[in-house]
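Throughout the sequence shown, residue numbering follows full-length UniProt numbering, covering 1 to 257 in sequence. Just below is one structure, and these are the notes that go with it.
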Amino acid sequence: MHDRPRAGKTIRNPFAPIRQTFLKETFMAAPIELYYWPTPNGWKISIMLEELGVPYEVRYVDIGKGEQFAPDFLKISPNNRMPAIIDPDGPGGAPISVFESGAILQYLGRKYGKFYPAEERARVEVEEWLFWQVGGLGPMAGQAHHFRQYAPEKIEYGINRYTNEVNRLYGVMNKRLADREFLAGDYSIADMASIGWVVPHKNQGQDLDDFPNLKRWFETMMARPAVERGIAVGQEKRRNVATDEEAKKVLFNQTAR
């Protein structure tokens, strides 16, 4: 959605909180700004925006070059992590910025009334699996990636610890999906949050053939056009961090500086 032609002229500023777009002299709401890099966490939001079909523009934050530490970016994402968004048409019509992928998904789901049910029992179910991903699948898969691919020393304990934990989590998903198509029944932000962390399953030491229900879900998800488009955003900018020593210095040596 972000790169489809739109008539009109947009005033561009990488960190501007408000922009105006004019079409045939009629004011239109400025698109949502997505601060993004093509990683599993970034994909959560690009997928959601593609599924919603709303206008958005990408502001790339090259995390391998340290752009996440830019003062203007820290104003909207104080944890120096992407993704983040600025919605020029926030609550009451005033701009709002949101950081943390789970919070962004919930915000967009509430705003547009899609993929995040209003009925409380259904919403709780979605939130359970959203936070399961945010607190479990993502961090554990990230650690598996680190010890299997990026660590300067091959530490057997770390490799086994996180490879096995991802395997356990895949097993949880596999059981959950035995009697339902998606994690919370209907397709939701919980599925969008999780798919990106299953895409690199081979790098986590996992074989989807060991998890037939998860494999079916994975194939269903990857066949969705909006998921395909969301994951494709910025793919040309990806680099092999495992061989990029400068990027590893930026990504893996952060302290409270």
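Glycine is no exception: its CB is placed at the ideal position from the N, C-alpha and C atoms. None of the values given here were measured: they were computed from a predicted structure.
Report task. Could you please give me the residues that DSSP links to Asp87 through a beta bridge? Result -> Paired residues: Ile96.
Report task. Determine the contact status of Gly230 and Trp37, defining contact as a CB-CB distance below 7 Å. Result -> If you check the CB distance, Gly230 and Trp37 do not come in under 7 Å.
**Report entry** Inter-stretch contact at 8 Å, needing at least 3 Cβ pairs: the segment 200-207 / the segment 139-158
**Finding:** Touching, yes, given that three or more Cβ pairs across the two stretches are closer than 8 Å.
Requested in this report: Excluding the 5 residues preceding and the 5 following Pro40 in the sequence, name in chain order all residues of the same chain whose CB lies nearer than 6 Å to its CB.
Outcome: Gly196 and Trp197
Requested in this report: Please decide whether Arg224 counts as near chain D, where near means a Cβ-Cβ distance under 7 Å.
Outcome: Of the chains in the structure shown, none is chain D; there is only one protein chain.
Query raised in the report: Skipping 5 residues on each side, what residues in its chain have a beta carbon closer than 6 Å to that of Leu108?
Result: Met48
Requested in this report: With DSSP as the reference, please indicate the residues paired to Val58 in a beta bridge.
Outcome: Leu34
Query raised in the report: Given a threshold of 16 other Cβ atoms within 10 Å of its Cβ, counted over all protein chains shown, does Gly234 qualify as buried or as exposed?
Result: buried
Query raised in the report: Thinking C-alpha only, which one of Asn213, Glu67 and Tyr56 is nearest Ala247?
Result: Glu67
Query raised in the report: Would a C-beta distance cut-off of 7 Å place Trp217 and Leu177 closer than the cut-off?
Result: yes
Query raised in the report: If you draw a straight line from the C-alpha of Met192 to the C-alpha of Tyr112, how long is it?
Result: 16 Å
Report task. Inspect the CB distances between the segment 155-167 and the segment 79-87 and report whether three or more fall short of 8 Å. Result -> no
Query raised in the report: From what residue to what residue does the alpha helix (DSSP H) around Asn174 run?
Result: Its alpha helix (DSSP H) spans residues Glu156 to Arg176.
Query raised in the report: Nearest to Gly102 by alpha carbon, out of Gly138, Val61, Glu119 and Pro55?
Result: Gly138
**Report entry** Closest by C-alpha distance to Pro31, when choosing among Asp89, Lys237 and Asn160
**Finding:** Asp89
Query raised in the report: Taking Arg168 as the reference, which of Leu208, Lys114 and Ile45 has the closest Cα?
Result: Leu208
Requested in this report: Quick one: using the 10 Å Cβ neighbour count with 16 as the cut-off for buried, is Ile155 buried or exposed?
Outcome: By the 10 Å Cβ count, Ile155 comes out exposed.
Query raised in the report: Mind checking whether Phe115 and Tyr170 have CB atoms under 7 Å apart?
Result: no
Query raised in the report: Under three-state DSSP, which class holds Gly185?
Result: Three-state result, Gly185: strand.
Query raised in the report: Can you tell me the Cα-Cα spacing of Val54 and Met222, whole angstroms?
Result: 20 Å
Query raised in the report: Does the distance from the CB of Ile96 to the CB of Ile45 come in under 7 Å?
Result: no
Query raised in the report: Are Val126 and Ala70 touching if we call contact CB-CB under 7 Å?
Result: no
Report task. Could you give the DSSP three-state label for Ser194: helix, strand or coil? Result -> helix
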